[in-house]
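Participant:
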């Protein structure tokens, strides 16, 4: 990348972060493009150069979730699947872009949007790691990577919502561990179930 | 009940149903008490005799979910737990009170409500059926009814949301069956796992 491209990427990220903060605080309805521009310290022209509308901004925030998680991980296969959910659980408490992304994905129905990209992206990523697990002989016979991935995406969406209402997400890492303790014996071999580490600390990556 | 009490119950249900329809169509923000009164064909006085505010109405709609499901079931223990989720999956497509209840429970955060009663009621009901399953010897050793119930409530919340965005809930019964196929081996004995019927048709009760 040359300097000009680098600056463009930086500006785009700056807008994305400002948008996420405003969406996180006020929801989609309560967020205006002008308040996002103000928060980013940029001009309306700069924003519209990168994003054509508020909806495009919301979609970009929703769909940036994997980028906030995947580069932090070093495990693979089934352990990586577990790690994704634990890092997600932890970073939801500290990363406004991730938090806004999840909020928008959950609430989008009520403002007429129906973008399942963030769900489908996670499903595809998780399916890939489960395929690896299958090749490594870690899955029980008959367990389909895609079925597990689809279920885990849905289940995580719901447990974070319940956790948010009940504890402001303070118990989310523990509830995510519960999920794996209940789910692993049904999807993984006894050897893999015994080997996979399920603990809130797995989410504490920088 | 005497005639007067019967009429009061009927009026209350009439209001609840009208409120559910209006919430289901317009969300909480878009619903006004006057539109609910109009839909119910009653007076504002009748409404305020039964419910003190729009929020009280929303809470009543959210918390009437078990009443729409539990009386329809005749199984017990683990089979009943499975049946609850399958009847819930099916009736979400046809029962506006249930649909509005779930919508309000999911969206309440954005209008400043934080009523976890509907989640906690389901959790308590499910914990009871899982206690029965444990007494009947159907649970694996070390599996705690309360942990399973908490997880199932959260997971169902999320899979219905994902299903709604992806297929307008057309695949919800199938996804609920997937959940049980993945989960049962981890929580139930092999005998119980083989015995429990998991099929969309279980949800087709009147």
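Residue numbers (UniProt numbering), protein chains in the order written: chain S, 1 to 206; chain Z, 1 to 206.
We put the CB at the ideal spot given by N, CA and C, even for glycine.
Please read all numbers here as calculations on a predicted model, not as lab measurements.
(1) Quick one: give me the first and last residue of the alpha helix (DSSP H) that residue 126(Z) is part of.
(2) Under 8 Å: do the segment 83 to 103 of chain Z and the segment 160 to 173 of chain Z share three or more Cβ pairs, one atom per stretch?
(3) Name the chain Z residues that come within less than 8 Å of residue 74(S), Cβ to Cβ?
(4) Using a Cβ-Cβ cut-off of 8 Å, state whether residue 110(Z) counts as contacting chain S.
(5) Give the range of the alpha helix (DSSP H) segment to which residue 163(Z) is assigned.
(6) Ordered along the chain, which non-local residues of its own chain (more than five positions away) have a Cβ less than 6 Å from that of residue 202(S)?
(7) Quick one: measure Cβ to Cβ for residue 160(Z) and residue 102(Z), integer angstroms, because I've assumed they're closer than 8 Å.
(8) What are the start and end residues of each continuous alpha helix (DSSP H) run of 4 or more residues lying completely inside the segment 13 to 67 of chain Z, in chain order?
(9) Please list the residues of the segment 174 to 192 of chain Z that have a C-beta atom closer than 9 Å to any C-beta atom in chain S, keeping them in chain order.
(10) Quick one: residues in its chain with C-beta nearer than 6 Å to the C-beta of residue 24(Z), no 5 flanking neighbours on either side, listed in chain order?
(11) Express the C-alpha separation of residue 38(Z) and residue 208(S) in angstroms, rounding to a whole number.
(12) Checking contacts by CB at 8 Å: is residue 147(Z) closer than that to chain S?
(13) Run through the DSSP bridge pairs and tell me what residue 139(Z) is partnered with.
(14) Chain S beta carbons: is any one of them nearer than 8 Å to that of residue 161(Z)?
(15) For a contact defined as C-beta to C-beta under 7 Å, what are the partners of residue 164(S) on chain Z?
(16) Please name the residue, chosen from 10(Z), 64(Z) and 30(Z), that lies closest to residue 40(Z) on a Cα-to-Cα basis.
(17) One question on the structure: do residue 149(Z) and residue 179(Z) come within less than 8 Å of each other, judged by their Cβ atoms?
(18) Along chain S, in chain order, which residues have C-beta atoms closer than 8 Å to that of residue 117(Z)?
(19) Hey, is residue 176(Z) close to the ligand GDP, as in C-beta under 7 Å from one of its heavy atoms?
(20) Tell me which same chain residues have a C-beta within less than 7 Å of the C-beta of residue 104(Z), skipping the five on either side of it?
(21) For residue 69(S), tell me which candidate among 125(S), 15(S) and 143(S) has the shortest Cα-Cα distance.
(22) 8 Å is my cut-off, CB to CB: does residue 151(Z) come that close to chain S?
(23) When the Cα of residue 109(Z) is compared with those of 26(S), 2(S) and 42(S), which residue comes out closest?
(24) Excluding five sequence neighbours on each side, which residues of the same chain lie with their C-beta closer than 6 Å to the C-beta of residue 118(S)?
(25) Between the Cα of residue 19(Z) and the Cα atoms of 136(Z), 47(Z), 190(Z) and 5(Z), which residue gives the shortest distance?
(26) Provide the residue span of the alpha helix (DSSP H) that contains residue 201(Z), from first to last.
(27) Just to confirm my understanding: we take residue 7(Z), look at its own chain, exclude 5 residues before and 5 after, and list those with CB closer than 8 Å. What are they?
(28) Are there 16 or more other CB atoms within 10 angstroms of the CB of residue 44(Z), so buried, or fewer, so exposed?
(29) Evaluate residue 167(S) with the Cβ neighbour count: other Cβ atoms within 10 Å of its Cβ, from every protein chain shown; 16 or more gives buried, anything less gives exposed.
Facilitator: Let's see:
(1) Mapped onto the second chain, residue 126(Z) falls at position 126. Here the alpha helix (DSSP H) through residue 126(Z) covers 117 to 135.
(2) Yes, the segment 83 to 103 of chain Z touches the segment 160 to 173 of chain Z.
(3) If you number the first chain from 1, residue 74(S) lands on position 74. Proximity of chain Z to residue 74(S) at the Cβ level (cut-off 8 Å) is not reached, the minimal Cβ distance being about 27 Å.
(4) Here the question's residue 110(Z) lines up with position 110 in the second chain. Yes, contact with chain S.
(5) Position 163 of the second chain holds residue 163(Z). It spans 145 to 167 - the alpha helix (DSSP H) in which residue 163(Z) sits, taken as one unbroken run.
(6) Taking the first chain and counting its residues from 1, the one referred to as residue 202(S) is at position 202. Excluding residues within five positions, the ones whose Cβ falls inside 6 Å are 83 and 86.
(7) Along the second chain, one-based indexing puts residue 160(Z) at 160. Along the second chain, one-based indexing puts residue 102(Z) at 102. 6 Å between Cβ atoms; contact.
(8) Complete alpha helix (DSSP H) runs here, min 4: 33 to 40, 44 to 50 and 54 to 62.
(9) Per Cβ criterion, the list reads 175, 178, 179, 181, 182, 183, 184, 185, 186 and 187.
(10) Here residue 24(Z) refers to the residue found at position 24 of the second chain. Listed in chain order, the non-local C-beta contacts of residue 24(Z) below 6 Å within the same chain comprise 96, 99 and 100, local neighbours out to five positions each way being set aside.
(11) For residue 208(S) there is no data in the structure shown, the boundaries of chain S being 1 and 206.
(12) Taking the second chain and counting its residues from 1, one reaches residue 147(Z) at position 147. Yes, contact with chain S.
(13) Position 139 of the second chain, counted from the first residue, corresponds to residue 139(Z). DSSP lists 188(Z) as the beta-bridge partner residues of residue 139(Z).
(14) The sequence position of residue 161(Z) within the second chain is 161, counting from 1. Yes, its Cβ sits closer than 8 Å to a Cβ of chain S.
(15) Residue mapping note: residue 164(S) aligns to position 164 of the first chain, counting from 1. Within 7 Å Cβ-Cβ: 109.
(16) For the purposes of this step, residue 40(Z) is identified with residue 40 of the second chain, where counting begins at 1. Minimum Cα-Cα distance from residue 40(Z) among the listed residues 10(Z), 64(Z) and 30(Z) corresponds to 10(Z).
(17) Counting from 1 along the second chain, the entry for residue 149(Z) is found at position 149. Counting from 1 along the second chain, the entry for residue 179(Z) is found at position 179. No, the Cβ-Cβ distance between residue 149(Z) and residue 179(Z) is not below 8 Å.
(18) Here the question's residue 117(Z) lines up with position 117 in the second chain. In chain order: nothing, as chain S lies at least about 10 Å away.
(19) Looking for the ligand GDP in the displayed structure turns up nothing, as the structure carries no ligands at all.
(20) As a working mapping, residue 104(Z) is identified with position 104 in the second chain. For residue 104(Z), where only same-chain residues beyond five positions count, the Cβ hits under 7 Å are 23, 28, 58, 61 and 62.
(21) Taking the first chain and counting its residues from 1, the one referred to as residue 69(S) is at position 69. Of the listed residues, the one whose Cα sits closest to residue 69(S) is 125(S).
(22) Within the second chain, residue 151(Z) is the residue found at index 151, counting from 1. So, interface residue.
(23) As a working mapping, residue 109(Z) is identified with position 109 in the second chain. Per the Cα distances, 26(S).
(24) The residue given as residue 118(S) occupies position 118 in the first chain. 62, 63, 65 and 105, listed in sequence order.
(25) Here residue 19(Z) refers to the residue found at position 19 of the second chain. For the residues 136(Z), 47(Z), 190(Z) and 5(Z), the minimum Cα distance to residue 19(Z) belongs to 47(Z).
(26) Stepping through the second chain from its first residue, residue 201(Z) is reached at position 201. Residue 201(Z) -> no alpha helix (DSSP H), and no H or E assigned at all.
(27) Counting from 1 along the second chain, the entry for residue 7(Z) is found at position 7. Here residue 7(Z) has no same chain residue with a Cβ atom under 8 Å from its own Cβ, once five neighbours each way along the sequence are excluded.
(28) For this step, residue 44(Z) is matched to residue 44 along the second chain. Classification for residue 44(Z): exposed.
(29) Here residue 167(S) refers to the residue found at position 167 when the first chain is read from its first residue. Around the beta carbon of residue 167(S), a 10 Å sphere encloses fewer than 16 other beta carbons of the protein chains shown; the residue is thus reported as exposed.
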